[in-house]
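**Q** Here's a structure for you.
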Amino acid sequence: MNVLVINCGSSSLKYQFINSDTEEVMAKGLCERIGIDGSQITYQKAGGDKDITVSPMPDHTKAVQLVIDKLTDPVNGVVKSLKEIDAVGHRIVHGGEKFASSVVINDEVIKAIEECNDLAPLHNPANLIGIHACEKLMPGVPMVAVFDTAFHQTMPPKAYLYGLPYEYYEKYKVRRYGFHGTSHDFVSSEAAKFLGKDRKDLKIIVCHLGNGASISAVMNGKSVDTSMGLTPLEGLIMGTRSGDLDPAIITFLSNKLHMPAEGIIDILNKKSGVYGLSRVSSDFRDLEKAYNEGNELAKITLETYSYRVAKYIGSYVAAMNGVDVIAYTAGVGENTSLVRKMVGEYLTYLGTNVDPEKNKIRGEIVVLSDPGSKVTTMIVPTNEELAICRETVRLVK
Ligand code: ADP
């Protein structure tokens, strides 16, 4: 099957077109500045160069139309016509408590996604716009919704409840949901597969360290805890997000800065994390460079970041009463060996025995620990688009 995977944001649309039999990405790209002046589409065919076309995109329907035009272009396209797009997989950020797995999209599903909008006001409405645009341009093509939150719906109440009056959970569904679920599911499965084991027999800690970052405890194939909460702001220190902090800081800073709470939350989302702490960058390549040049704040930032990761790993060892596999993934987890080294120094008590030479490897699936180590530490590259493609095929076949 040929599956179009779509990740729709408020002004952008990322896409990949995947042959599900070979799992080859036939083409991929990005529409940017949708609804804003200067919109452009990037299109890259497998093995080809990036092709950027500046073209007006007043709305997402026009963006999807341009994607279809590129895919079916007689010269540079990868299929002859729209008929060769067999299914569409949509990444949906928040499925609330309504979705514990992926679903085929119909009117009822769309309504239920709309009902989750207030839990992810920036993301879900944009995801829905993508669904409507595809419905309009590809009527009759089956579509599947794959949720960032779904994999974590197996968390027990003790993991998802906050210490708040219970009525806020009952009335407003204030609880921890967790995100990056597609990645945590994919990476824990791939790790088990690579080790020749059944995921049902393992306790796995997945460290998804990208711009956004989260850790999960996957026990016997199910997520039992994860670091993000009601929103993706909780948990680890991230590229620009603060992660965990004392909630009283919000009113404290609000008074100091004469700024409403929304403004402070904006700072916590966009100006904090390693970016705010280091005053260098949110990009770990820049941070690593600054660290190697002796920049003191970059050093403190990387130490603070890694310490938080290590503490979460420790807490998930407790949550599962043990751990068999620690898997690093996403941009930082796969590539920044310095972070893996700094985190690893807190974990030797577990019997990790990571080989310092192997720890220098980047971006490929590999076991970093010595054979026979009590805990297996690995790099497992994530691939959320492929995971969405697989889910789509599973549901529409
Ligand atoms: P997201 O998908 O959340 O935007 P990524 O998973 O792409 O984020 O991770 C981005 C981070 O990975 C950046 O901080 C970047 O510096 C870091 N990184 C480090 N080394 C590399 C590398 N070789 N290639 C890509 N990203 C890298």
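All residue numbers for the sequence shown refer to our numbering, where the first residue is 11 and numbers rise by one. Glycine residues also receive a C-beta, built at the ideal position from the N, C-alpha and C atoms. These numbers were taken from a predicted model, which means no experiment stands behind them.
1) Measuring straight from C-alpha to C-alpha, what distance separates Leu246 and Tyr170?
2) For a minimum of 4 consecutive residues, which ranges assigned as the alpha helix (DSSP H) are wholly contained in the stretch 238-289?
3) Do Ala340 and ligand 1 come close, with the Cβ less than 6 Å from some heavy atom?
4) For Val403 and Phe294, I'd like the C-alpha separation in whole angstroms.
5) To test your reading of the DSSP string, which unbroken beta strand (DSSP E) runs of 3 or more residues are found completely within the stretch 319-364?
6) Enumerated in chain order, which unbroken segments of the beta strand (DSSP E) with a length of 3 residues or greater are wholly contained in the stretch 294-321?
7) Less than 6 Å between the CB of Asn302 and some heavy atom of ligand 1, yes or no?
8) Run through the DSSP bridge pairs and tell me what Thr387 is partnered with.
9) Thr387: which of Lys407, Leu360 and Ala110 sits nearest, CA to CA?
10) Is DSSP giving Ile182 helix, strand or coil here?
11) Please list the terminal residues of the continuous alpha helix (DSSP H) segment that includes Glu374.
12) Would the beta-carbon of Ser224 fall within 7 Å of that of Ser233?
13) Which residue comes first and which comes last in the alpha helix (DSSP H) that contains Ile120?
14) Within 7 Å of any Cβ in chain B, is that where the Cβ of Glu180 sits?
15) Below 7 Å between beta carbons: does that hold for Val448 and Ala308?
16) Helix, strand or coil: which one does DSSP assign to Ile139?
17) Output the distance between the C-alpha atoms of Glu94 and Met153, rounded to the nearest integer angstrom.
18) Below 6 Å, is the gap between the Cβ of Asp293 and the nearest heavy atom of ligand 1?
19) Short check: CB of Val13 to CB of Gly99, under 7 Å?
20) When you compare the CB positions of His133 and Val103, do they come within less than 7 Å of one another, or not?
21) List the residues that DSSP assigns as beta-bridge partners of Val113.
22) Within 10 angstroms of its Cβ, does Ile214 collect 16 or more other Cβ (buried), or is it exposed?
23) Between the Cα of Ile274 and the Cα atoms of Val342, Arg251 and Asp365, which residue gives the shortest distance?
24) Ala169 by DSSP, collapsed to three states: which one?
25) Find out if the Cβ-Cβ distance for the pair Val333, Val385 is shorter than 7 Å.
26) In the structure shown, what three-state DSSP assignment does Gly99 receive?
**A** Taking the coordinates as given:
1) When rounded, the distance between both Cα atoms is 16 Å.
2) 258-267, 271-280 and 283-288, all fully within the stretch 238-289.
3) The answer is yes for Ala340.
4) Val403 and Phe294: Cα-Cα distance of roughly 35 Å.
5) Listed in chain order, they are 335-339.
6) Entirely contained in the stretch 294-321, not one beta strand (DSSP E) run reaches 3 residues.
7) Taking the Cβ of Asn302 as the reference point, every heavy atom of ligand 1 lies at 6 Å or farther away.
8) Paired residue(s): Ile336.
9) Closest option to Thr387, Cα to Cα, is Leu360.
10) Here the sequence assigns Tyr to residue 182, which means Ile is not the residue at that position. Tyr182 sits in a helix when the DSSP states are folded into three classes.
11) Run containing Glu374: none; DSSP gives neither H nor E here.
12) In this structure, Ser233 does not lie closer than 7 Å to Ser224 by Cβ.
13) It spans Asp117 to Glu125 - the alpha helix (DSSP H) in which Ile120 sits, taken as one unbroken run.
14) Among the chains of the structure shown, chain B does not appear; only one protein chain is present.
15) Since the first and last residues shown for the chain are 11 and 407, residue 448 lies out of range.
16) Three-state DSSP puts Ile139 in a helix.
17) Those two C-alpha atoms are separated by around 14 Å.
18) The beta carbon of Asp293 sits closer than 6 Å to at least one heavy atom of ligand 1.
19) Result yes, Cβ atoms of Val13 and Gly99 sit closer than 7 Å.
20) Cβ distance < 7 Å, so His133 and Val103 count as in contact.
21) In the DSSP secondary-structure assignment, Val113 is bridged to Ala155.
22) Buried: at least 16 other Cβ atoms inside 10 Å.
23) Comparing Cα positions, the closest option is Arg251.
24) The answer is helix: DSSP assigns Ala169 an H, G or I state.
25) Their beta carbons are under 7 Å apart, which means Val333 touches Val385 by this criterion.
26) Under the three-state reduction of DSSP, Gly99 is assigned to strand.
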